[in-house]
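**Student:**
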Amino acid sequence: MSDKPHAVLVFSRHGESQWNVDNRFTGWVDVDLSEKGVGEAKGAGALIKEEGLRFDVCYTSVLKRAIKTLNYALEESDQMYVPVVKSWRLNERMYGGLTGLDKKETVKKHGAEQVQVWRRSFDVPPPPIEKESEFYPGKDPKYVGLKDEEIP
1 MSDKPHAVLV FSRHGESQWN VDNRFTGWVD VDLSEKGVGE AKGAGALIKE
51 EGLRFDVCYT SVLKRAIKTL NYALEESDQM YVPVVKSWRL NERMYGGLTG
101 LDKKETVKKH GAEQVQVWRR SFDVPPPPIE KESEFYPGKD PKYVGLKDEE
151 IP
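Position one of the sequence shown corresponds to residue 1 (UniProt numbering), numbered consecutively onward.
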């Protein structure tokens, strides 16, 4: 029997985004990587190469910060040929009506405990996002095939 594992599953978070720097709730807003985030993504790729990890397929969300993180990592690890599957179902958590708000200001307004529940709970969603919001995903061409009830 071989000591080599049958399969290895690797998870990675996107590099730092500009809204991470600004301390804003991001969710599904398609915010780009910061300069530091680009460096983090390239560093992840260098580590992947150093560890000798080889991928058969990669999966990412449809958000550019995740796509770019993956692309930088694949480039640094000499694996740009690997097929990539993108799905909105891998998007970051949807923050609803909190999207775009400053996290500290939101804590001041609603209290740390309530904000923590919205951020980490699996059964208590944040306030819903209004269809009129500039951040409503239904206005983004990436989600043109989604029904309103599929948007979290």
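The beta-carbon is built from N, C-alpha and C at its ideal position, and this holds for glycine as well.
So what does DSSP say about ASP102, is it helix, strand or coil?
**Tutor:** Start at 1 with the first residue of the sequence shown, and residue 102 comes out as number 102. Strand, per DSSP.
**Student:** By the DSSP assignment, the beta strand (DSSP E) with LYS86 in it spans what residues?
**Tutor:** Sequence index remark: in the sequence shown, residue 86 carries index 86 (1-based). Note, LYS86: beta strand (DSSP E), 84-86.
**Student:** Nearest to GLU150 by alpha carbon, out of VAL124, TRP118, MET94 and LYS104?
**Tutor:** On the sequence shown, residue 150 is found 150 positions in, with the first residue counted as 1. For the residues VAL124, TRP118, MET94 and LYS104, the minimum Cα distance to GLU150 belongs to MET94.
**Student:** On a CA-only basis, which of GLU130, LEU53 and ARG54 is nearest GLY97? Give me that one, please.
**Tutor:** Numbered from 1 along the sequence shown, position 97 holds the residue referred to as residue 97. Minimum Cα distance to GLY97 is reached at GLU130.
**Student:** Under 8 angstroms, with one C-beta from each stretch per pair, do the stretch 62-76 and the stretch 120-138 reach the 3-pair mark?
**Tutor:** Taking 8 angstroms as the limit for Cβ pairs, the verdict is that the stretch 120-138 does not touch the stretch 62-76.
**Student:** CB-CB under 6 angstroms to HIS14, same chain, minus the five flanking residues each way: which ones, in chain order?
**Tutor:** As a position in the sequence shown, residue 14 is number 14, starting the count at 1. Only ARG65, ALA66 and THR69 meet the Cβ criterion.
**Student:** If distances are taken between C-alpha atoms only, which option among ASN20, LEU9, GLU105 and VAL85 comes closest to SER34?
**Tutor:** Translated into positions along the sequence shown, residue 34 becomes position 34. With distances taken between Cα atoms, SER34 lies closest to ASN20.
**Student:** Starting from TYR81, trace the alpha helix (DSSP H) in both directions and tell me its first and last residue.
**Tutor:** Residue numbering aside, residue 81 sits at position 81 when the sequence shown is read from its first letter. Run containing TYR81: none; DSSP gives neither H nor E here.
**Student:** Since VAL31 contacts SER17 with CB under 8 angstroms, what's their CB separation in whole angstroms?
**Tutor:** Along the sequence shown, read from residue 1 onward, the residue named residue 31 stands at position 31. Along the sequence shown, read from residue 1 onward, the residue named residue 17 stands at position 17. At roughly 5 angstroms, the Cβ-Cβ gap stays under 8 angstroms, so VAL31 and SER17 are in contact.
**Student:** According to DSSP, which residues form a beta bridge with ARG24?
**Tutor:** For this step, residue 24 is matched to residue 24 along the sequence shown. The partner list for ARG24 (beta bridge, DSSP) reads ASP102.
**Student:** Answer yes or no: do TRP28 and PRO141 have a C-beta to C-beta separation smaller than 7 angstroms?
**Tutor:** On the sequence shown, position 28 is the one that residue 28 refers to. On the sequence shown, position 141 is the one that residue 141 refers to. Their beta carbons are not under 7 angstroms apart, which means TRP28 does not touch PRO141 by this criterion.
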